[in-house]
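Peer 1: Here the sequence shown is numbered in UniProt numbering, starting from 1 and rising by one per residue.
Have a look at this one before I ask anything.
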Amino acid sequence: MLNSIGIIYANSTTDNLQGLALKRPIAAVPFGGRYRIIDFALSSMVNTGIRTIGVITPRQYRPLIDHLGAGKAWFLDRKDGGLFILPEAVHGISGNHTFCIRHLHNNIEYFQKDFAENVVISSGDQIYNMNFKNALEFHDDKHADVTLIYKSTAANLDNQTNELVLEMGEEHRVSKILNTQSLDKGTLIQPCFTNILIIRRKLLLEIIEKHSDIGCIDLLDIITSNLQTLKIYGSPTCSSIGAIRSLQDYFDRSMELLDLEVRGRVWLGEDRIHTKLKDYPPTKYTSHAKVSNSLIASGCTIAGEVINSIIFREVVVEQGCKIANSIILPKCHIHAKAQMDYAILDKAVTVMGENFFKGSLNSPWVVL
Numbered sequence: 001m002l003n004s005i006g007i008i009y010a011n012s013t014t015d016n017l018q019g020l021a022l023k024r025p026i027a028a029v030p031f032g033g034r035y036r037i038i039d040f041a042l043s044s045m046v047n048t049g050i051r052t053i054g055v056i057t058p059r060q061y062r063p064l065i066d067h068l069g070a071g072k073a074w075f076l077d078r079k080d081g082g083l084f085i086l087p088e089a090v091h092g093i094s095g096n097h098t099f100c101i102r103h104l105h106n107n108i109e110y111f112q113k114d115f116a117e118n119v120v121i122s123s124g125d126q127i128y129n130m131n132f133k134n135a136l137e138f139h140d141d142k143h144a145d146v147t148l149i150y151k152s153t154a155a156n157l158d159n160q161t162n163e164l165v166l167e168m169g170e171e172h173r174v175s176k177i178l179n180t181q182s183l184d185k186g187t188l189i190q191p192c193f194t195n196i197l198i199i200r201r202k203l204l205l206e207i208i209e210k211h212s213d214i215g216c217i218d219l220l221d222i223i224t225s226n227l228q229t230l231k232i233y234g235s236p237t238c239s240s241i242g243a244i245r246s247l248q249d250y251f252d253r254s255m256e257l258l259d260l261e262v263r264g265r266v267w268l269g270e271d272r273i274h275t276k277l278k279d280y281p282p283t284k285y286t287s288h289a290k291v292s293n294s295l296i297a298s299g300c301t302i303a304g305e306v307i308n309s310i311i312f313r314e315v316v317v318e319q320g321c322k323i324a325n326s327i328i329l330p331k332c333h334i335h336a337k338a339q340m341d342y343a344i345l346d347k348a349v350t351v352m353g354e355n356f357f358k359g360s361l362n363s364p365w366v367v368l
């Protein structure tokens with residue numbers, strides 16, 4: 001299990017978050033009151049026992065580097081292995097690719113200097129808490145070249161998402177990898193690929209060296225075209241996995257945390273989600289504060305009403321405010337008598353008194 005290194009593609013960007021990912025990659029978007037989205041993939045690898053992890057960073061790397069530092073919060077500030085910051089090859093070349101080979105070739109020394117047997121690769125735009133021990137044991141038992149981690153879930157074939165569905169034969173060997181857009185319409189329970197895979201390090205090096213000159217080809221495309229020649233298997237997971245690729249994804253995954261059962265699965269289990277520590281005093285609640293079914297981080301001052309909402313660190317909610325069904329990122333200041341319902345406030349937004357922001361469950365209002 002420990003004979004593995006990790007790669008996290010943390011360079012995904014999108015216009016679908018209505019500005020929340022404009023100056024930061026999706027991996028660096030704040031989530032759940034005190035975390036960043038990358039914390040989930042990074043913590044899952046660390047909790048598995050992986051102590052050498054490379055993070056592919058985008059051009060807008062500052063928020064990511066500021067959060068990760070030397071990796072101390074994830075026990076990666078070490079002499080042997082640790083956290084490696086790997087710059088992407090050229091900004092914008094990835095397009096719709098998930099695991100662009102060019103980015104790996106740009107950092108090929110990361111793979112050449114390590115002698116681990118396997119590489120665990122994950123996208124950095126997902127919310128999950130997964131221990132890869134079972135998948136790695138399955139990978140070794142099958143002597144697999146590649147193991148694709150999948151989750152049996154309802155795939156909505158009517159939407160425009162680009163999910164990949166696995167067709168498997170005996171002993172979970174993958175025979176086909178299909179795009180949901182190519183399947184018959186409807187909603188079916190399908191083994192959907194989770195954008196997490198395990199691959200032999202030597203095989204990955206061979207792929208990188210062979211395909212590095214073909215623009216930005218996706219590792220998944222290479223795997224798909226070699227299903228007959230490589231030993232490719234699927235390994236199931238029961239972990240909750242939520243990709244963040246749109247504002248609705250972000251809002252829905254965030255508000256699910258108000259359910260204690262969901263919080264238990266995501267970050268209150270045996271394997272905890274680690275994040276950068278900040279020493280703030282406990283949140284101050286005045287005698288006028290009214291709070292129900294909400295997550296409120298440390299360092300806040302709450303004097304108004306907060307219902308079904310997530311409040312990040314150092315937020316000030318003055319008396320007479322009402323916040324419902326909303327997400328308030330760090331250092332926001334909501335002045336007296338302001339109101340918001342189904343709203344998302346980006347970091348350090350000031351809302352003056354008597355302002356009213358109202359979105360809806362399917363269309364939250366974003367304030368930058």
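Positions of the beta carbon are idealized from the N, C-alpha and C atoms, including for glycine.
1. Let me know if Ala89 comes out buried or exposed under the rule of 16 or more other beta-carbons within 10 Å of its beta-carbon.
2. Ends of the alpha helix (DSSP H) at Gln112?
3. How would you write the range of the alpha helix (DSSP H) that Asn47 sits in, first residue to last?
4. Taking C-alpha atoms, which residue in Gln190, Phe356, Leu220 lies nearest to Leu197?
5. Would DSSP call Glu305 helix, strand or coil?
6. With distances taken between CB atoms, is the gap from His172 to Gly234 smaller than 8 Å?
7. Please say whether Ala144 and Ile241 have beta carbons closer to each other than 8 Å?
8. Leaving out five residues before and five after Ser44 in sequence, what residues of the same chain have Cβ atoms less than 8 Å from its Cβ?
9. Rounded to the nearest angstrom, what separates Asp259 and Tyr150 at their Cα positions?
10. Taking only the alpha-carbon atoms, compute the straight-line gap between Ala10 and Arg78 and give it to the nearest angstrom.
11. Which residue comes first and which comes last in the alpha helix (DSSP H) that contains Asn11?
12. Between the alpha carbons of Ile323 and Gly353, how many angstroms are there, rounded?
13. For Leu230, name the three-state secondary structure that DSSP assigns.
14. Taking C-alpha atoms, which residue in Gln339, Asn325, Tyr342, Ile311 lies nearest to Cys332?
15. Only counting runs of 3 or more residues, tell me where the beta strand (DSSP E) segments fall wholly within the region 210-265, in order along the chain.
16. Give me the residue from Asp140, Val367, Gly359 with the minimum Cα distance to Asp346.
17. Would you mind sorting Glu318 into buried or exposed? The rule is 16 or more other CB atoms within 10 Å of its CB.
18. Leaving aside the five residues before and after Gln18 along the sequence, list all residues of the same chain whose C-beta is less than 6 Å from its C-beta, in chain order.
19. How long is the line joining the alpha carbons of Ile208 and Asp80, rounded to whole angstroms?
20. Could you compute how far the alpha carbon of Lys278 sits from the alpha carbon of Lys72?
21. State the beta-bridge partners of Ser360 as determined by DSSP.
22. Using the three-state DSSP reduction, which class does Thr147 fall into: helix, strand or coil?
23. Going by C-alpha to C-alpha distance, which of Ile177, Ile273, Pro30, His103 sits closest to Val46?
24. Over what stretch of residues does the beta strand (DSSP E) that includes Phe84 continue unbroken?
25. Helix, strand or coil: how does DSSP classify Leu2 here?
26. In whole angstroms, what separates the C-alpha of residue 402 from that of Lys358?
27. Look at the alpha carbon of Asn3 and the alpha carbon of Arg201, and state the distance between them as a whole number of angstroms.
28. Is Asp125 near Ala28, with beta carbons less than 8 Å apart?
29. Taking the C-alpha atoms as reference points, what is the distance between Gln339 and Glu117?
30. DSSP state of Thr275, grouped into three classes?
Peer 2: Looking at the coordinates:
1. So Ala89 ends up on the buried side.
2. Where Gln112 is concerned, the enclosing alpha helix (DSSP H) stretches over 109-112.
3. It spans 38-48 - the alpha helix (DSSP H) in which Asn47 sits, taken as one unbroken run.
4. With respect to the C-alpha of Leu197, the residue from Gln190, Phe356, Leu220 having the closest C-alpha is Leu220.
5. Glu305 falls in the strand class under three-state DSSP.
6. Yes; because the gap between Cβ atoms is below 8 Å, this pair is in contact.
7. No, they are not a contact pair.
8. If you ignore the 5 residues before and after Ser44, its C-beta comes within less than 8 Å of the C-beta of Ser122, Tyr128, Asn129, Met130, Asn131, Phe132, Asp271, all in its own chain and listed in chain order.
9. Rounded to the nearest angstrom, the gap between the Cα atoms of Asp259 and Tyr150 is 25 Å.
10. Put simply, the backbone Cα of Ala10 is about 21 Å away from that of Arg78.
11. Run containing Asn11: none; DSSP gives neither H nor E here.
12. For Ile323 and Gly353, the distance between alpha carbons rounds to 13 Å.
13. Of the three classes helix, strand and coil, the one that applies to Leu230 here is coil, per DSSP.
14. Measuring C-alpha to C-alpha distances from Cys332 to each of Gln339, Asn325, Tyr342, Ile311 identifies Ile311 as the nearest.
15. Taking only runs of at least 3 residues, the beta strand (DSSP E) segments lying wholly in the region 210-265 are 232-236, 241-243.
16. For the residues Asp140, Val367, Gly359, the minimum Cα distance to Asp346 belongs to Val367.
17. Buried, because 16 or more other Cβ atoms sit within 10 Å of the Cβ of Glu318.
18. Non-local C-beta neighbours of Gln18 in its own chain, meaning closer than 6 Å and more than five positions away in sequence, comprise Leu247, Val366, ordered along the chain.
19. Ile208 and Asp80: Cα-Cα distance of roughly 25 Å.
20. If you take the alpha carbons of Lys278 and Lys72, they lie about 13 Å apart.
21. Per DSSP, Ser363.
22. It is a strand residue.
23. The shortest CA-to-CA distance from Val46 to any of Ile177, Ile273, Pro30, His103 is the one to Ile273.
24. Phe84 -> beta strand (DSSP E) spans 82-87.
25. Reduced to three states, the DSSP call for Leu2 is coil.
26. The shown model of the chain, from 1 to 368, leaves out residue 402, and the question about it has no answer.
27. Here the C-alpha atom of Asn3 lies approximately 10 Å from the C-alpha atom of Arg201.
28. No, they are not a contact pair.
29. Between Gln339 and Glu117, the C-alpha separation is close to 55 Å.
30. The answer is coil: DSSP assigns Thr275 none of H, G, I, E or B.
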